[in-house]
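Residue numbers (the working numbering), protein chains in the order written: chain A, 326 to 910; chain B, 5 to 634. For reference, the structure discussed in these notes is given below.
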């Protein structure tokens, strides 16, 4: 890479020619304020917060997109720059519903507030008319357009990363706002509820539908047996909401906190994941041996499922019929567990703590029930759990560790790695390989399918089988792999996770501000936590989980058997796109 | 069928003969061309005033009399004197008729066509003009102009490529592709010092040289025909009156920078321009002047139209290209500049219609000729669309350096009704106003900037003493607030806040610190906005504040509108001394705001709470007893 000489605030720099002024300034130790900028996601220079003076230029360019050049002289804090930024921020604030006291972001996640403090805005000088648009409240996602500052990060996440594209700018000038085609509600669009838009929103314009009230009602109801289960990715991120390092596992503290909140039983969704592997692994072997539809595609990610229903309906039969782990687990809790412990299943209230907003929609699907009872009664995100912990005044970082409750307390490392991209496939292969070879293989870490490459393709040889497998994360990559399948490329097994990086970066995870996200890969840090937990596990293959063995022995019979099918499997349906059937005419 | 170079030359010579009667009154009529050409303006203005009916009428009478081969009725483009339309020009007599209506057709036919006696009452020029032959030379409106970009407007039939060819059309293209290297073409345009006519005045040749220097198999030539300034219509007139000049210039540009594909981005609200462009492009393809291997010289150039939906921001180059790509028309930050990465991320040049219209003339007549016209830093001519409080509303093309006074008084005929000139607005919503004290400033790019305005695309709106400058600033701000795309906060919210402040000033609710607030907003919007639209949006406010600060102060401090325009600060009052109690005002008041009775002797008066300040009473009062009190 060629380098150029330049000066920023009098500091001589020699930087690669593909740098922006923002990157060069960072190297010089100067932090230029940004708002719309998110590295690799949203680099459009529209919010004008990062404007700087460049010698010889009339207008002030946006540092986040303006490339450096030889001999460039930049000034980042002249009176002209400082005034323009302040007035600009003042204007943004003048059209922002600043009911900060009641905003979910105000405590520590609001980038606008942080910026207003940083730039020492004392009062909004340019008050005037402000947007008064209706809220859009869905099962998973809530949009408040009156808080929106039109940075367009959500649009980029939805369109560029996820290739879903159900939101964009509507109207122009002062009336411009983020909306869906024809002004319909987000829920009526092919939105998949992945919540990536929330992760990238700098303010409180996007958030999950708050279901904590439902959970509190159940907890305070003496007749209810309230059981909570937590997904693998939650434990490596929850600490972040309490200022703990990104990706640090807080499993023990989390269990302690859940007990303190009043949950009667605290279980690990990883057990559900182990169960999923038994069913899904069996299904895979059956499909391969029995000439079933291939490739088989994983079904753990509800964002992906809905994406498939909208965009690739002809492949619904390729989706594994397995419910996702927390749904399976919920079904088991309301049948086997209830029976065994003599509890009326109607009294059981299952709460899933998930890194995911799409799980809220999934749990509400009518198919996700057994004997007329929903498998899961409420889904809350990692963030909602954190807010409940704050709510009751628990000093989370100071908590001691506790263990999950038995009989489902001893999940395997295979269950934990469900949280990272490639994890479901690796967990499945660990079990499938042993079953097919009839031995307990020592070599069960599948490095090829780990990591953050968008699409990972590998060939796995187990016993007499040679499987061509692919792992895709982020729906943009899912689209690529599905288009390849459509075009005739052969795969036996595909894992797809809706969110980039998998569940660790789900739409319900603790928020990381852009100044962190732009320069640090949050996904990688959290994935490290997941694999650390796996390494620490005593058992690392699902079929060896004693609780699972017992469950099959006492209740389900065999994997893929009739009772399993009744409780643990589901079906899918093609969904229309803006009223138009997705199926070819 | 494609034509060879020699065949084109043959057409040129033959049709030139046919058209000679338009140039030389003594020219001999040709069998093809006939003895008389009646040119009827079919620009948008004249068309909406009935010029098509005039053509139908004339053709009916002519063919009825069996004169079809002798007397030709020619649909032509804009003459510029739009206030006086529909306009007819009759050759070889050089007689121009103005304000012609379809009812005048019989008289024109019987008197002029048949007997050769001009219809005096319709003659162009002063009302008492007895005889005017060659209006172009003897009517001030025309004689002081210099038509380069508009050279063919009104002179040819824009739907007939042969007439364009006869007027040296496509000779420039042929010269470039057969006698010149691409670099020579770029150098020629550079040497001509032609500057972009679309607004900013960037040197066209420099722009071309940037794109020419790029190594790319794909490059694009675009034409900005998204004329959006309120009141500006010179681009539309060129497209309607001389579409081939733009097509030829774009092909030349394509040759110069190494591009084989052009796009004309024209607004869909210009249906006549779109139709004539489509016809012209089709004809050019038919003659092999567009497409593969043009004139057998091995140069390929394709040209397509793209219709814009009328968003003002799509006149901004990056927004225009985004729109051509089929996306929401929004600007993006530069760099990369379009010459490096423009349309479809390929090197692209974008020039405005009027800029292109100059190109063939520069190629044919040379850079020195072009440099001989204009001022030191602004060469050539500029077309202005003159409107507002001026007698001769219309299009004028003048050499750069002409003073505003000459345009307004000599060419434009001055202000109607003996009113005082107050200011002229140039550059539309991006420009500013020029007060009476600057009337003698020679007009060019740099002087206008100096005055706090800009050339823009050439809209020129004249205002008289009855114009409120705050209200004027409000008008332009309303336009930019409406037309802001909403991408960046300074423009999206900042212009809105400015409008809110200016509006409350015109409503008599201005605060003492409002002017300072306006200045702070204006300064920072200009500095921080993403594109040219936002960066220039505050100009109308800034320039009116610069030259008419007293008027702002009168609104804010005294709560008065000196021009008597801002309604909330206005009162209509009946002066009892002059009132004859006739009751006409009361009868005409739409809101029953006037009380009074002659019989009972109750004096007539206006209830200010009910009055909506429509001014009808004042207008209707036969005794001038009602006055506006600002």
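Even for Gly, the Cβ is constructed at its ideal location relative to N, Cα and C.
Rank the options by C-alpha distance to the C-alpha of residue i and give the top, closest one.
i	options	result
residue 900 (chain A)	A:871, A:794 and A:629	A:629
residue 613 (chain B)	B:571, B:189, B:388 and B:321	B:571
residue 503 (chain A)	A:517, A:478, A:887 and A:520	A:478
residue 358 (chain B)	B:366, B:544 and B:351	B:366
residue 490 (chain B)	A:872, A:371 and A:636	A:371
residue 201 (chain B)	B:215, B:175, B:83 and B:431	B:431
residue 326 (chain A)	A:334, A:675 and A:339	A:339
residue 625 (chain B)	B:18, B:22 and B:582	B:582
residue 777 (chain A)	A:848, A:716, A:729 and A:734	A:848
residue 349 (chain B)	B:464, B:608, B:326 and B:517	B:326
residue 578 (chain B)	B:172, B:380, B:322 and B:632	B:632
residue 760 (chain A)	A:787, A:745 and A:779	A:787
residue 336 (chain B)	B:538, B:630 and B:158	B:538
residue 885 (chain A)	A:727, A:506 and A:647	A:647
residue 238 (chain B)	B:154, B:181 and B:295	B:154
Where does residue i sit, in a helix, a strand or coil, going by DSSP?
i	result
residue 597 (chain B)	coil
residue 459 (chain B)	coil
residue 445 (chain A)	coil
residue 677 (chain A)	strand
residue 550 (chain B)	helix
residue 452 (chain A)	coil
residue 499 (chain A)	helix
residue 576 (chain B)	strand
residue 795 (chain A)	strand
residue 492 (chain B)	coil
residue 746 (chain A)	coil
residue 461 (chain A)	strand
residue 883 (chain A)	coil
residue 39 (chain B)	coil
Ordered along the chain, which non-local residues of its own chain (more than five positions away) have a Cβ less than 8 Å from that of residue i?
i	result
residue 395 (chain B)	87, 416, 417, 418, 419 and 420
residue 414 (chain B)	144 and 148
residue 457 (chain A)	471
Leaving aside the five residues before and after residue i along the sequence, list all residues of the same chain whose C-beta is less than 7 Å from its C-beta, in chain order.
i	result
residue 510 (chain B)	474, 475, 478, 559 and 570
residue 889 (chain A)	604 and 881
residue 724 (chain A)	578, 581 and 582
residue 375 (chain B)	196, 197 and 383
residue 361 (chain A)	367, 369, 371, 372, 476, 477 and 478
Ignore the nearest five residues each way along the sequence and tell me which others in residue i's own chain have a CB closer than 6 Å to its CB.
i	result
residue 110 (chain B)	none
residue 463 (chain A)	511 and 512
residue 749 (chain A)	623, 625, 743 and 820
residue 140 (chain B)	146
residue 188 (chain B)	none
Only counting runs of 3 or more residues, tell me where the beta strand (DSSP E) segments fall wholly within the region 503 to 532 of chain A, in order along the chain. The region 503 to 532 of chain A contains no whole beta strand (DSSP E) run of 3 or more residues.
Complete runs of the alpha helix (DSSP H) confined to the region 803 to 853 of chain A [at least 4 residues]: 839 to 842
Quick check for students: name the residue ranges of the beta strand (DSSP E) that lie wholly in the region 326 to 389 of chain B, counting only runs of 3 or more. 352 to 356
Can you find at least 3 beta carbon pairs, one from the region 265 to 283 of chain B and one from the region 194 to 207 of chain B, that sit closer than 8 Å? no
Ignoring anything shorter than 3 residues or poking outside the region 598 to 629 of chain B, list the beta strand (DSSP E) runs there in chain order. 598 to 601 and 606 to 610
The region 316 to 336 of chain B touching the region 253 to 262 of chain B, judged by at least three CB pairs closer than 8 Å: no
Where are the alpha helix (DSSP H) runs, 4 residues long or more, that stay fully inside the region 390 to 470 of chain B, in chain order? 449 to 454
Is the region 481 to 500 of chain B close to the region 580 to 589 of chain B, with three or more CB pairs under 8 Å? Too few Cβ pairs lie closer than 8 Å, so no.
Would the region 415 to 428 of chain A and the region 449 to 463 of chain A be scored as touching if the rule is three or more Cβ pairs under 8 Å? yes
For the region 19 to 34 of chain B and the region 55 to 70 of chain B, state whether three or more C-beta atom pairs, one from each stretch, are separated by less than 8 Å. no
Secondary structure, alpha helix (DSSP H): runs of 4+ residues fully inside the region 569 to 612 of chain A: 576 to 586
Is it a yes or a no for the region 841 to 859 of chain A touching the region 557 to 564 of chain A, going by three-plus beta-carbon pairs under 8 Å? yes
Length at least 4, wholly inside the region 397 to 447 of chain A: the alpha helix (DSSP H) runs in chain order: Taken in chain order, the whole alpha helix (DSSP H) runs of length 4 or more contained in the region 397 to 447 of chain A are 404 to 419 and 436 to 443.
Using 8 Å as the Cβ pair cut-off and three pairs as the minimum, do the region 490 to 506 of chain A and the region 535 to 547 of chain A touch? For the pair of segments examined, the region 490 to 506 of chain A was found not to touch the region 535 to 547 of chain A: the number of CB pairs separated by less than 8 Å stays below three.
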